[in-house]
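Undergrad: A single structure is presented below for examination.
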Amino acid sequence: MRAYFRLFQFIKPHLGVFGVAVLCMVGSTILNGVQVGAFIPLIDRVANDRLLPTLAWFPGWLNGLILWFNSLPQRTLVNLFAVAIPLLFLFKSLLEFLQTFFMSDASQRVVRDLRQKMFDKFTALSLDYHHRQPAGSTMSRIMYDTGIVQNSLIEGLTDLVYQPFQIAVYLAIVLRINWALALMTFAVIPLIALITLWIGRLLKKYSRQAQVVMGQLHSTILESITGIQVVQAFQMEHDARVKFASTNERSYRINRKIQKRMNLLTPMTDFLGAVGASFVFWYGCRQVLAGTMTLGTFTAFFAAMMFLIRPFKRLAKLHSVNQQTVAAALRIFEILDVEPTITEHPKAKTLPMFRHEITYDKVSFQYDNQPVLRGVSLTIPRAEIIALVGPSGGGKTTLANLLPRFFDPTSGRVLLDGVDLRHVTLASLRGQIGLVTQETTLFNDTVRANLAVGNPSASLSEMVEAAKVANAHAFISRMPKGYDTVVGERGSLLSGGERQRLAIARAVLKNPPILILDEATSQLDAASEHLITEALERVCQERTVVLIAHRLSTVRLAHRIVVIQEGRIVEQGSHEELLKTSALYRRFCELQLMHPTAKLGESHHMPRDL
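Taking the working numbering, the leading residue of the sequence shown gets 42, the next gets one more, and so forth.
Below, the structure is given as structure tokens:
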């Protein structure tokens, strides 16, 4: 019930649209009842010339209508009904169309709001959540699970309102005609309810499994599509197909179990309904033959009873559908209930423009209970270029990621101009930081749009200047539409070096006082790297820059080099100083001279502990 209550919070803003749909349902059901009820006087009048009685407690207009009806010749009455029945069906069909349209529109609105809420939450969650949660699982929840909810709203809410109202109308008719016969036929309803509950419990369990497997299927597809070059280069096509086939087979088997049980429900309820209908037919015919019930009364009773069975069957199926909806809703609310680990302080203030220094004060950090940084203290004055070097996994990137608050330290503080980053707004902090990472992220949009990410108001001339600084203008100019060329999903239409240069140009265009370059030249060839290194030297002037680098050409840009090993700062100084005092740094430089493309920690005749 809690899942339904929470879903209702998304339905509530659209109750007006749902209300119109419900009114159309009510009108359609009343017309159904009128159609059934009208057969009693028609058949009795035509077959037996039986007149409708007038009653003292009827309103005058109703008795007048009855007298008019009784005065009509039988042939005229038949002609009248022949015209009236299509008109009733026309109005009923119109109401059913409007009901379907408004119910579908309302459910689309709810799912739109749900998906927006989920995406908003997804983009607000901290990096630690995204590192742990497969992208395919999140996509499955946003698209597949909300689709289940949408189908449930269209079918479920319609049936939840429409079918009980139909039951009430037809129940009133059969009880009014012959209450004893009606009560006898209701004996099958408890059996239908028991079967429905039993199948519903099974469906809830299997639906949850199906949604989890669907997330795994999305993850497998996403991995193969985004990594198709690696898959083909390493001849992993067979492995990828086997992995997909295994997950796809599990999805098929679970969904087959769901369909098997759902399909089992219909024939079982049909059989029980047929048992009830057979009893009505047998008993009713005996009453007609005995003269205790007219043919018109029996025909109307039997028709109403058959109409009454259908909504009970629909409600039985609705219970099964709702079990799938509950499972989907729970997975949706799992995302909505996740609290981001990085939040703004209730009294967070806007961070003034950076002027003096960045301070890491006894900073420690753990990831999955594994220490990554251990009591790091470091001060970076404004306009200093600092390079972080050391073996892979030593904590360099983590140290840089604490600056834009992608993570918070487990202990200690990170300060800008003496202000703890946890006490300022994220927008004012991240607005002062530019970031270029090793894995460049570009969007399936134009070059111009990708450059403008950090500075939406930038003019084309400013973009061109930034691109020239990053040595990107030349290749952009050669593209079919220049700065209006679409770069493809994740920049797939560009080379690795071109993607990296666009990322650097994007950071330059943002013009932040603090710049983080995480192996920003790693994707460049030797010629481009030389040009970019010169460009970075210009870009870094009057900026505070944190370089995470494995290439000597980039490291030598730094005023100070900090050597990090196993989460601790082990040495720091200028390039010349460390060459004299640090065996670790000296070996790094020797490795670079012997293998210019190698990285610190790679085993080109270097000890493994490096």
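Using N, Cα and C, we set each Cβ at its ideal position, and we do this for glycine too.
(1) Between which two residues does the alpha helix (DSSP H) containing F312 stretch?
(2) Skipping 5 residues on each side, what residues in its chain have a beta carbon closer than 6 Å to that of L168?
(3) Can you give the Cα-Cα distance for L651 and Q606, rounded to whole angstroms?
(4) Report the rounded CA-to-CA distance for T226 versus G317, giving the unit in angstroms.
(5) Grab the span of the beta strand (DSSP E) containing S405 for me, first residue to last.
(6) Between which two residues does the alpha helix (DSSP H) containing E612 stretch?
(7) Please report the residue range of the alpha helix (DSSP H) in which T226 lies.
(8) In this structure, what does DSSP give as the bridge partners for R454?
(9) Do R200 and L359 have their C-beta atoms closer together than 7 Å?
(10) How would you write the range of the beta strand (DSSP E) that A508 sits in, first residue to last?
(11) Which residue wins for smallest C-alpha separation from V210, given the options N73, N410, L619 and P450?
(12) Mind checking who A428 pairs with in its DSSP beta bridge?
(13) Output the distance between the C-alpha atoms of D146 and K509, rounded to the nearest integer angstrom.
(14) Considering only the beta carbon of each residue, do I233 and T307 sit closer than 7 Å?
(15) Across which residues does DSSP place D461 in a beta bridge pair?
(16) Excluding sequence positions up to five away, which residues of its chain have a Cβ less than 8 Å from the Cβ of F348?
(17) Assign R423 to one of three DSSP states: helix, strand, or coil.
(18) What do you reckon, are the CB atoms on E385 and T420 nearer than 7 Å?
(19) Apart from the five residues just before and just after V215, which ones in its own chain have a Cβ nearer than 7 Å to its Cβ?
(20) Check whether the Cβ atoms of I426 and C581 sit closer than 7 Å, and answer yes or no.
(21) Give me, in chain order, the residues of the same chain whose beta-carbon lies closer than 8 Å to that of M647; leave out the 5 immediate sequence neighbours on both sides.
(22) With a cut-off of 8 Å on the beta carbons, I'd call T451 and F406 a contact; round off their distance for me.
(23) Report the three-state DSSP secondary structure of K551 (helix, strand or coil).
(24) Can you give me the Cβ contacts of L166 inside the same chain, cut-off strictly under 7 Å, excluding the 5 residues immediately before and after it?
(25) How far does the alpha helix (DSSP H) with G475 in it extend, from its first residue to its last?
(26) At a cut of 8 Å, does the segment 492-507 reach the segment 547-554 through at least three beta carbon pairs?
(27) Taking the CB atoms as reference points, tell me whether T187 and V152 lie closer together than 7 Å.
(28) Candidates P352, S418 and M144: which alpha carbon is nearest E612's?
(29) Just to confirm, is the Cβ distance from A428 to I602 under 7 Å?
(30) What separation, rounded to the nearest whole angstrom, lies between the Cα atoms of I376 and R156?
(31) Taking the alpha-carbon positions, what's the G197 to V254 distance?
(32) State buried or exposed for I266, treating a residue as buried only when at least 16 other CB atoms are found within 10 Å of its CB.
(33) If you drop the 5 nearest sequence neighbours on each side, which residues of the same chain put their C-beta closer than 8 Å to that of D461?
(34) Quick one: what does DSSP say Q257 is sitting in, helix, strand or coil?
(35) Which residue or residues does DSSP assign as beta-bridge partners of D525?
(36) Beta-carbon within less than 8 Å of F46's beta-carbon, same chain only, minus the 5 sequence neighbours each way: which residues are those?
TA: The answer reads as follows:
(1) Here residue 312 refers to the residue found at position 271 of the sequence shown. Membership of F312 in the alpha helix (DSSP H) is indicated by the continuous run E278 to A331.
(2) Taking the first residue of the sequence shown as 1, we reach residue 168 at position 127. The residues are F447.
(3) By one-based count along the sequence shown, residue 651 stands at place 610. By one-based count along the sequence shown, residue 606 stands at place 565. The predicted position of L651 is uncertain, since its pLDDT is 29 and thus under 50; no value can be drawn from it.
(4) By one-based count along the sequence shown, residue 226 stands at place 185. By one-based count along the sequence shown, residue 317 stands at place 276. The straight-line gap from Cα to Cα measures roughly 5 Å.
(5) As a working mapping, residue 405 is identified with position 364 in the sequence shown. Here the beta strand (DSSP E) through S405 covers E398 to Y408.
(6) Mapped onto the sequence shown, residue 612 falls at position 571. Where E612 is concerned, there is no enclosing alpha helix (DSSP H), although the beta strand (DSSP E) it sits in stretches over R609 to G614.
(7) For this step, residue 226 is matched to residue 185 along the sequence shown. Segment T199 to T226, the alpha helix (DSSP H) holding T226.
(8) Here residue 454 is taken as the residue at index 413 of the sequence shown, counted from 1. D402.
(9) As a position in the sequence shown, residue 200 is number 159, starting the count at 1. As a position in the sequence shown, residue 359 is number 318, starting the count at 1. Position check: residue 200 holds Asp in this sequence, whereas Arg was assumed. Contact flag set, yes.
(10) As a working note, residue 508 is residue 467 in the sequence shown. Note, A508: premise wrong, no beta strand (DSSP E); alpha helix (DSSP H) at L501 to V510.
(11) Indexing the sequence shown from 1 puts residue 210 at position 169. Nearest C-alpha to V210: N73.
(12) Start at 1 with the first residue of the sequence shown, and residue 428 comes out as number 387. L588 and I602.
(13) Mapped onto the sequence shown, residue 146 falls at position 105. Mapped onto the sequence shown, residue 509 falls at position 468. Inter-residue distance for D146 and K509 is about 50 Å (C-alpha atoms, whole angstroms).
(14) Sequence index remark: in the sequence shown, residue 233 carries index 192 (1-based). Sequence index remark: in the sequence shown, residue 307 carries index 266 (1-based). Contact flag unset, no.
(15) Along the sequence shown, read from residue 1 onward, the residue named residue 461 stands at position 420. Paired residues: L456.
(16) Your numbering for residue 348 matches position 307 in the sequence shown. Closer than 8 Å at the Cβ level, and outside the excluded window around F348, lie N73, V77, Q207 and Y211.
(17) Residue mapping note: residue 423 aligns to position 382 of the sequence shown, counting from 1. Three-state result, R423: coil.
(18) As a working mapping, residue 385 is identified with position 344 in the sequence shown. As a working mapping, residue 420 is identified with position 379 in the sequence shown. The answer is no: Cβ separation not under 7 Å.
(19) Numbered from its first residue, the sequence shown carries residue 215 at position 174. Excluding residues within five positions, the ones whose Cβ falls inside 7 Å are A223, F342, A345, M346 and L349.
(20) By one-based count along the sequence shown, residue 426 stands at place 385. By one-based count along the sequence shown, residue 581 stands at place 540. Yes, Cβ-Cβ distance for I426 and C581 is below 7 Å.
(21) Within the sequence shown, residue 647 is the residue found at index 606, counting from 1. Summary for M647: the model assigns pLDDT 34, below 50, so the residue's position carries little reliability; its value from the coordinates is reported in the next sentence. If we look at M647 and ignore the five residues flanking it on each side, its Cβ neighbours are R628 and L632.
(22) Locating residue 451 in the sequence shown gives position 410, where the first residue counts as 1. Locating residue 406 in the sequence shown gives position 365, where the first residue counts as 1. About 5 Å separates the two Cβ atoms, so the contact holds.
(23) By 1-based counting over the sequence shown, the position of residue 551 is 510. Looking at K551 - three-state DSSP - the assignment turns out to be helix.
(24) Position 125 of the sequence shown, counting from 1, holds the residue named residue 166. Within the same chain, L166 has close Cβ partners V379 and P381.
(25) Counted from its first residue, the sequence shown places residue 475 at position 434. No alpha helix (DSSP H) holds G475; the beta strand (DSSP E) holding it covers I474 to V477.
(26) yes
(27) By one-based count along the sequence shown, residue 187 stands at place 146. By one-based count along the sequence shown, residue 152 stands at place 111. In contact: T187 and V152 (Cβ atoms closer than 7 Å).
(28) Position 571 of the sequence shown, counted from the first residue, corresponds to residue 612. Answer by Cα proximity: S418.
(29) As a position in the sequence shown, residue 428 is number 387, starting the count at 1. As a position in the sequence shown, residue 602 is number 561, starting the count at 1. Cβ atoms of A428 and I602: closer than 7 Å.
(30) Mapped onto the sequence shown, residue 376 falls at position 335. Mapped onto the sequence shown, residue 156 falls at position 115. C-alpha separation (whole angstroms): 11 Å.
(31) Locating residue 197 in the sequence shown gives position 156, counting from the first residue. Locating residue 254 in the sequence shown gives position 213, counting from the first residue. Approximately 24 Å, taken between the alpha carbons.
(32) As a working mapping, residue 266 is identified with position 225 in the sequence shown. Exposed is the call here.
(33) Along the sequence shown, one-based indexing puts residue 461 at 420. Closer than 8 Å at the Cβ level, and outside the excluded window around D461, lie R454 and V455.
(34) Counted from its first residue, the sequence shown places residue 257 at position 216. For Q257, the secondary structure class from DSSP, reduced to helix, strand or coil, is helix.
(35) Here residue 525 refers to the residue found at position 484 of the sequence shown. Per DSSP, none; premise fails for D525.
(36) In the sequence shown, the residue the question calls residue 46 occupies position 5. Nothing meets the Cβ criterion.
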